[in-house]
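These notes concern the structure reproduced below.
Residue numbers (my numbering), protein chains in the order written: chain D, 1239 to 1528; chain S, 155 to 451.
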């Protein structure tokens, strides 16, 4: 399969990982350097980092659902300083371009994070996780076109590296956010993030330590197909499509819906090399179609 | 790809005994599925994986029937390896399980020739007694119910190295007991809450008596079992200043550090990921062995 251009980054094939679903550093502890030799993805998207370290949510953090799972992890990470010092050098050893996912609760926090990350030559692009409240307005940035416009307006001048906006599926019109992001200078959008979900224990109490979480897995695949198609009809910047991809034909469907690149998420939990299989099936499927 | 400078070659915190897994899920073939009391012992031959170390685990998925007929299971299930024997066809792996939920129900139905998909071996294994206590003269293995599984392979490992070990196994009742054949040729003392075998009471009663002996300080305790039992072992060993390792369990989606679901609170704050920082942990590292979320099967 020929290479893919994502905002000027040349990718060997169209399969990457979804943020927070493949920890390349931990995977090397489990599988050794086979992770490098057999790396499943054509780019690596880091777990989201925040300005300060976070320990994450109290357990339980997981719930198994029909053809899906709910997670409530809470973005545990070392913070910007720890990430740049400890993790980035290890991630730079991966054989593919590196995309760093960042989140902050203010535009100032985002700006510091984006500046610090963008100046590192190991980083090819930055994904903005905007599914968090702005402490000043109380609004979820990624749920409001005006908030998205304002954030991109403050971040765009800080770097020439591609900025990717991760879209939430938890609003009526995700395309409106994509349009705002494109107009404010975003280079790409990625979708879908997880869907808000609140599993209950057998006794009827909230199961997750944080009360609720996000649903992912094959159950959300058709939602992703619809939302990617809607966004593709509204913007011309490249789309990273994801949501429940388990096979090459699922990836092909998302590409047909308008995605330039497809991200594999929950499938990697079930099989760490799922991305490799999906890419192979995609190549075989394209070849079979002639 | 150029030269690799991995964590191992940089001498970072690599556990030397950790056996690395091949990257990706692979198929093993089921060669036996036998009733053992109230449990089952499922054995499969892994054609291409390494021999695991005791305490490590595998993520298991049935090749058929997983997420198919019913709503669940969807995610793989983590199982400690109870026995591992290298042979001409591959490594024969044995897993001890009890049919308690949708995942274990499918696993319990496996027959000879069926495919068992696995990723592993994963996680940290048990440490040698001398690594925990320089004066260690022997090991005390404490298993509760289905949790005896990793101790069975550990007992054999210790015995093969000529290290003295004593095993204490506890069960709730006759219906919730089994796996004893995994401990053949071993000195085993039993406890059961209903009194059907051995001491009527908890296995920690036996441990309590054993640690009252003069040789307590020269013992190292290895335990695996339900969270309340592990917590009792942890508290007892802390009180008696006996080094202990606990093989713990937590719900996890991936088993290799990706999902961050298996968060275990650390004594010094924050969490560890039980899959890559455990499942065998120093008892002194955790505040409690009571794991949130252990009830979702």
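Note that CB positions come from ideal geometry on N, CA and C, so glycine has one too.
Predicted model only: the values in this text are computed from it and were never measured.
{"query": "Short CB-CB distance (under 8 Å) between residue 218 (chain S) and chain D", "result": "no"}
{"query": "Contact check, residue 1343 (chain D) vs residue 1314 (chain D), beta carbons under 8 Å", "result": "no"}
{"query": "Cβ of residue 1460 (chain D) within 8 Å of any chain S Cβ", "result": "no"}
{"query": "Per DSSP, the bridge partner or partners of residue 426 (chain S)", "result": "S:418"}
{"query": "CB contact below 8 Å: residue 258 (chain S) versus chain D", "result": "no"}
{"query": "Cβ separation of residue 334 (chain S) and residue 358 (chain S), assumed to be a contact under 8 Å, to the nearest whole Å", "result": "Not quite, the Cβ-Cβ distance comes to about 19 Å (not below 8 Å), so this is no contact."}
{"query": "Cβ-based burial, residue 1251 (chain D) [other Cβ within 10 Å; buried from 16]", "result": "buried"}
{"query": "Burial state of residue 1288 (chain D) (16 or more Cβ within 10 Å)", "result": "buried"}
{"query": "Opening and closing residue of the alpha helix (DSSP H) in which residue 1319 (chain D) lies", "result": "1317-1320"}
{"query": "Inter-residue spacing [alpha-carbon to alpha-carbon] between residue 337 (chain S) and residue 1447 (chain D)", "result": "38 Å"}
{"query": "Separation of residue 436 (chain S) from residue 280 (chain S), as counted between CA atoms", "result": "9 Å"}
{"query": "Short Cβ contact (8 Å threshold) for residue 1192 (chain D) with residue 1476 (chain D)", "result": "Because chain D here runs from 1239 to 1528, residue 1192 (chain D) falls outside it and cannot be looked at."}
{"query": "Any C-beta of chain D under 8 Å from that of residue 175 (chain S)", "result": "yes"}
{"query": "Segments assigned alpha helix (DSSP H), at least 4 residues, entirely inside the segment 1243-1318 of chain D", "result": "1262-1269, 1272-1275"}
{"query": "Between the CA atoms of residue 1396 (chain D) and residue 202 (chain S) - distance to the nearest angstrom", "result": "50 Å"}
{"query": "Burial state of residue 167 (chain S), where buried means 16 or more other Cβ atoms lie within 10 Å", "result": "At residue 167 (chain S) the pLDDT is 37, less than 50, meaning the model places this residue with poor confidence; the figure from the coordinates comes in the next sentence. Label assigned to residue 167 (chain S): exposed."}
{"query": "Other residues of its chain near residue 327 (chain S): CB distance less than 6 Å, five sequence neighbours each side excluded", "result": "348"}
{"query": "Spatially closest choice to residue 294 (chain S) from S:274, S:320, S:304, by CA coordinates", "result": "S:320"}
{"query": "Beta-carbon contacts of residue 218 (chain S) that lie in its chain and below 8 Å, excluding the five residues immediately before and after", "result": "268, 269"}
{"query": "Within chain D, the residues that residue 358 (chain S) reaches when beta carbons sit closer than 7 Å", "result": "Per Cβ cutoff of 7 Å: no residues; residue 358 (chain S) is ~24 Å from chain D at best."}
{"query": "Chain-ordered residues of the segment 1308-1336 of chain D with a beta carbon less than 8 Å from chain S", "result": "1309, 1311, 1314, 1328, 1331, 1333"}
{"query": "7 Å CB neighbourhood of residue 1514 (chain D) in its chain, flanking five on each side removed", "result": "1276, 1278"}
{"query": "Three CB pairs or more closer than 8 Å across the segment 1435-1449 of chain D and the segment 1318-1330 of chain D", "result": "no"}
{"query": "Exposure label - residue 237 (chain S); buried when at least 16 CB within 10 Å", "result": "buried"}
{"query": "DSSP-derived helix/strand/coil call for residue 187 (chain S)", "result": "strand"}
{"query": "Whole-angstrom distance between residue 1283 (chain D) and residue 1363 (chain D), CA atom to CA atom", "result": "9 Å"}
{"query": "Cβ neighbour criterion (16 or more within 10 Å) applied to residue 163 (chain S)", "result": "With a pLDDT of 35 at residue 163 (chain S), under the threshold of 50, the modelled position of that residue is not reliable, and the figure given next carries that caveat. Label assigned to residue 163 (chain S): exposed."}
{"query": "Chain-ordered neighbours of residue 1514 (chain D) on chain S, where CB pairs are closer than 9 Å", "result": "177, 178"}
{"query": "According to DSSP, residues forming a beta bridge with residue 216 (chain S)", "result": "S:270"}
{"query": "Residue-level contact to chain S via CB, residue 1289 (chain D), 8 Å cutoff", "result": "no"}
{"query": "Residue-chain proximity (residue 276 (chain S), chain D), Cβ-Cβ < 8 Å", "result": "yes"}
{"query": "Proximal chain S residues relative to residue 1506 (chain D), where beta-carbon distance stays under 8 Å", "result": "408, 412"}
{"query": "Among D:1348, D:1260, D:1503, nearest to residue 1369 (chain D) - alpha-carbon criterion", "result": "D:1348"}
{"query": "Residue 156 (chain S) to residue 1353 (chain D) span [Cα, whole Å]", "result": "Because residue 156 (chain S) carries a pLDDT of 36, less than 50, the predicted location of this residue cannot be relied on, and the following value inherits that uncertainty. Between residue 156 (chain S) and residue 1353 (chain D), the C-alpha separation is close to 29 Å."}
{"query": "Cβ separation of residue 1412 (chain D) and residue 1401 (chain D), assumed to be a contact under 8 Å, to the nearest whole Å", "result": "Not quite, the Cβ-Cβ distance comes to about 17 Å (not below 8 Å), so this is no contact."}
{"query": "Proximity test, Cβ basis, 8 Å: residue 229 (chain S) and chain D", "result": "yes"}
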